[in-house]
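Novice: Here the protein sequences come in this chain order: A and B. Just so we're aligned: 427 in numbering that gives the first Met the number 0 is position 428 of the first sequence, and the numbers increase by one with no gaps anywhere. Just so we're aligned: 90 in numbering that gives the first Met the number 0 is position 91 of the second sequence, and the numbers increase by one with no gaps anywhere. To start, I am sharing the structure in question, which I have written as structure tokens.
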Amino acid sequence: MEWQFASAAEISRQLSSKQVSATEIAKYFLSRISKHNQAFNIFVHVDEELVLKQAAEIDARRARGESELGALAGVPVAIKDLLCTTDMPTTCGSRFCEKYISPYDGTVIAKMRAAGMPWMGKTNLDEFAMGGSTETSIFGAGRNPWDAQRTTGGSSGGSAACLAAGLSPLAIGTDTGGSIRQPAAFCGVSGFKPTYGRVSRYGVVAFASSLDQVGPMAHTVEDLALAMDVISGHDPLDSTSLPYAKPGYTTSLSQAPQRFRVGVVREQIESDGLNAEVKQAILKTLDVLKECGADVREVSLPHSKYWVPAYYVIAPCEASSNLSRFDGAHFGFRAEPLEGKKSKSPLVEMYSSTRAQGFGAEVKRRIMLGTYALSSGYYDAYYLKALQVRRLIRQDFDRAFEDVDILVGPTTPNTAFKIGEKVDDPVQMYLEDLYTVGANLAGLPALSVPCGRSQVGLPIGVQFQGRPLDDALVLQIGHRYQQAIGWRPTPAPLS
Amino acid sequence: MSLSPTDVERIAHLARLQLSEAELASYSVQLQAIVTFVDQLQAVDTVGVEPMVHAIELSNVLAADEVREGLSRDLALSNSPDHDDECFRVPAVLG
Numbered sequence: 000m001e002w003q004f005a006s007a008a009e010i011s012r013q014l015s016s017k018q019v020s021a022t023e024i025a026k027y028f029l030s031r032i033s034k035h036n037q038a039f040n041i042f043v044h045v046d047e048e049l050v051l052k053q054a055a056e057i058d059a060r061r062a063r064g065e066s067e068l069g070a071l072a073g074v075p076v077a078i079k080d081l082l083c084t085t086d087m088p089t090t091c092g093s094r095f096c097e098k099y100i101s102p103y104d105g106t107v108i109a110k111m112r113a114a115g116m117p118w119m120g121k122t123n124l125d126e127f128a129m130g131g132s133t134e135t136s137i138f139g140a141g142r143n144p145w146d147a148q149r150t151t152g153g154s155s156g157g158s159a160a161c162l163a164a165g166l167s168p169l170a171i172g173t174d175t176g177g178s179i180r181q182p183a184a185f186c187g188v189s190g191f192k193p194t195y196g197r198v199s200r201y202g203v204v205a206f207a208s209s210l211d212q213v214g215p216m217a218h219t220v221e222d223l224a225l226a227m228d229v230i231s232g233h234d235p236l237d238s239t240s241l242p243y244a245k246p247g248y249t250t251s252l253s254q255a256p257q258r259f260r261v262g263v264v265r266e267q268i269e270s271d272g273l274n275a276e277v278k279q280a281i282l283k284t285l286d287v288l289k290e291c292g293a294d295v296r297e298v299s300l301p302h303s304k305y306w307v308p309a310y311y312v313i314a315p316c317e318a319s320s321n322l323s324r325f326d327g328a329h330f331g332f333r334a335e336p337l338e339g340k341k342s343k344s345p346l347v348e349m350y351s352s353t354r355a356q357g358f359g360a361e362v363k364r365r366i367m368l369g370t371y372a373l374s375s376g377y378y379d380a381y382y383l384k385a386l387q388v389r390r391l392i393r394q395d396f397d398r399a400f401e402d403v404d405i406l407v408g409p410t411t412p413n414t415a416f417k418i419g420e421k422v423d424d425p426v427q428m429y430l431e432d433l434y435t436v437g438a439n440l441a442g443l444p445a446l447s448v449p450c451g452r453s454q455v456g457l458p459i460g461v462q463f464q465g466r467p468l469d470d471a472l473v474l475q476i477g478h479r480y481q482q483a484i485g486w487r488p489t490p491a492p493l494s
Numbered sequence: 000m001s002l003s004p005t006d007v008e009r010i011a012h013l014a015r016l017q018l019s020e021a022e023l024a025s026y027s028v029q030l031q032a033i034v035t036f037v038d039q040l041q042a043v044d045t046v047g048v049e050p051m052v053h054a055i056e057l058s059n060v061l062a063a064d065e066v067r068e069g070l071s072r073d074l075a076l077s078n079s080p081d082h083d084d085e086c087f088r089v090p091a092v093l094g
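Written out as structure tokens, the structure is:
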């Protein structure tokens, strides 16, 4: 049996009816990894022994007839290398953390461990999740299974690519400005950024704390719901975690309303920057949704042109503060002192040379940008201003959601770009986030699912955004769309 | 606003980042481009708008004042580049 594009739901059914064992599934995906990982640079750490041990434990528990095994017990998962794990390194794609082994498991990891999901390994990412192309990793650029000359998108590029290449049936990513949705769109897979606070951030190496959110990536929306049932929920260890009961994402998946109102953002669908093929695919999606009961209307988000500028003040400010913990004293890399060099403060000298050598170019750029925007004399003009604009951006969404239940539009302005194309032009790279950062600034749930391919065969993604806390509704409508088009993943050419 | 190489040097010092001459030159150009880009924000009328610091605004999140197990000292020191089994060890503060 070929499992490479089987959904997690399908694997789960076969496991619980004992048609296949967790060990056979793990071995199958390990053999796919050994065949295809090197060419696409997807996993940065794979531990065969560990995954087989985890799978064997589930098989033993199932053989004993344990009744409380969850739906995803024995279904392998790939983890973005930004989540802290005690039994694998957590490198963040950085020289700083090359040898870092976390002394504790993050909450999402602990929940997946309890659910019996074996780790396929840790996936490639932009350094500290800062980037949109998985090119700034110390492990080198990730390659897109649809075209190896192109980027996977980022920063959760490895997690998207492992699905597209059929190396794992589920993956975990993080999304600060689009880092789950943009690579999902570029690699032709489904990815979900939940409402801010739905999933605990405890044990996720922080980039921008008011924007970061963990979420699942998968072949289908049904699989995303299965994963959300495992990873979400209130966590006392994360004080920004929402203290609300979690909906049953899988049990409510088929309960999409018969009729719903869809908003199309005028400023996005009519923008000059939107690629014609992407636009066509979105218009086609809207036609499908109309047949599913959608009443489609246009809405306006007047401050949408300020999303990216506000984001590139707020995110670097928070990053410069979060990354001050990388000081060469407590964990990670420390630079050797220069021979015979006299200094007023050897300690400050150590900090500065450690950080200079430990961080890559993009991370340093963002730290400096944030330091500037928070420094005396510039705080009001940049940081405070951006926070005020953030409020106006949220108010635009609130107003739009008075008239519609969900917003549907492109995930990205273009399909996957070539490796090296934007790496030296930060502003061009930042504009990749044009349609995705709004959901992070406002805290909304947002989903990207495949909705077609360009003439040259590159995947295109459609984004569904809902009101805060409407995570279940967003997944329901995404699921109905995939059912309407009879969605099945198409194997990527792997060349 | 405009950023001179002297400004970038000051920022790098505040951020504890040693920069080479070449880096100083390239970051000056790149940071200027980004600052010019984000300067668009100045056009927005924000008079009387309350700053929004978090995506979902919760307040007064409290935890019970109970003693709980924390990270052991051995584990806390386990990733440190230099320690003496009790404390983190760093170079002299003053040379």
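Don't be surprised by glycine CBs; every beta carbon is placed ideally from N, CA and C.
1. Rounding to the nearest angstrom, what Cα-Cα distance links lysine 98/A and histidine 82/B in this structure?
2. Could you tell me the alpha carbon to alpha carbon distance between phenylalanine 396/A and leucine 74/B, rounded to whole angstroms?
3. For the alpha helix (DSSP H) that contains histidine 35/A, what are its first and last residues?
4. Starting from asparagine 143/A, follow its DSSP beta bridges and name the residues at the other end.
5. Using alpha carbons as the reference points, say which of Leu368/A, Phe332/A and Ala7/A lies closest to glutamine 356/A.
6. Verify the CB distance criterion: does lysine 384/A have a CB-CB separation below 8 Å to chain B?
7. Who pairs with glutamine 212/A in a beta bridge, going by DSSP?
8. Less than 7 Å between C-beta atoms, sequence neighbours within five positions excluded: which residues of the same chain meet that for alanine 147/A?
9. Using the Cα positions of arginine 149/A and glycine 94/B, report the straight-line distance between them to the nearest angstrom.
10. Taking alanine 24/B as the query, report the chain A residues whose CB atoms sit under 8 Å from its CB, ordered along the chain.
11. Does proline 4/B have its Cβ less than 8 Å from a Cβ in chain A?
12. Where does arginine 364/A sit, in a helix, a strand or coil, going by DSSP?
13. Hey, would you say alanine 164/A sits closer than 8 Å to methionine 216/A, going by beta carbons?
14. Considering only the alpha carbon of each residue, which of Ala77/A, Leu337/A and Met111/A lies closest to alanine 159/A?
15. Quickly, what does DSSP pair proline 345/A with across the bridge? List them, please.
16. Mind checking who histidine 44/A pairs with in its DSSP beta bridge?
17. Start and end of the alpha helix (DSSP H) containing phenylalanine 332/A?
18. Excluding sequence positions up to five away, which residues of its chain have a Cβ less than 7 Å from the Cβ of alanine 7/A?
19. Thinking C-alpha only, which one of Arg180/A, Asp423/A and Lys384/A is nearest glutamine 41/B?
20. Could you list which residues in chain A have their beta carbon closer than 7 Å to that of aspartate 94/B, in chain order?
21. Just grab the DSSP bridge partners of aspartate 294/A for me.
22. When you compare the CB of histidine 329/A with every CB in chain B, is at least one pair closer than 8 Å?
23. As a quick exercise: from Gly120/A, Pro182/A, Met0/A and Ala275/A, pick the residue whose alpha carbon is nearest that of proline 144/A.
24. Between isoleucine 41/A and cysteine 186/A, is the Cβ-Cβ spacing less than 8 Å?
25. Any contact of the stretch 281-299 of chain A with the stretch 362-371 of chain A, i.e. 3+ C-beta pairs under 8 Å?
26. Looking at the strands, I want to know which residues DSSP matches up with glycine 152/A.
27. Pull up the DSSP beta-bridge partners for proline 449/A, would you.
28. Using a Cβ cut-off of 8 Å (strictly closer), state whether aspartate 81/B contacts chain A.
29. Below 7 Å on C-beta distance, what does serine 351/A contact in chain B?
30. Closest to serine 58/B by C-alpha separation, out of Asp125/A, Thr239/A and Phe400/A, would be which residue?
Specialist: For this structure:
1. 16 Å
2. 45 Å
3. 21-39
4. Asp146/A
5. Phe332/A
6. yes
7. Asp174/A
8. Ala38, Phe39 and Ser494
9. 50 Å
10. Within chain A, no residue comes near alanine 24/B; the closest Cβ sits about 13 Å away, beyond 8 Å.
11. no
12. helix
13. no
14. Ala77/A
15. DSSP output for proline 345/A lists no bridge partner at all.
16. Lys121/A
17. Element bounds for phenylalanine 332/A: n/a, residue is neither H nor E.
18. Leu71, Val74, Pro168, Leu169, Ala217, Asp222 and Leu225
19. Lys384/A
20. With the sequence shown as reference, residue 94/B is identified as glycine, and aspartate is not the correct amino acid for it. Within 7 Å Cβ-Cβ: Lys341, Ser342, Lys343, Ser344 and Pro345.
21. Arg260/A
22. yes
23. Pro182/A
24. no
25. no
26. In the DSSP output, where bridge partners are listed per residue, glycine 152/A has none listed.
27. Gly460/A
28. yes
29. Arg15, Leu16 and Gln17
30. Thr239/A
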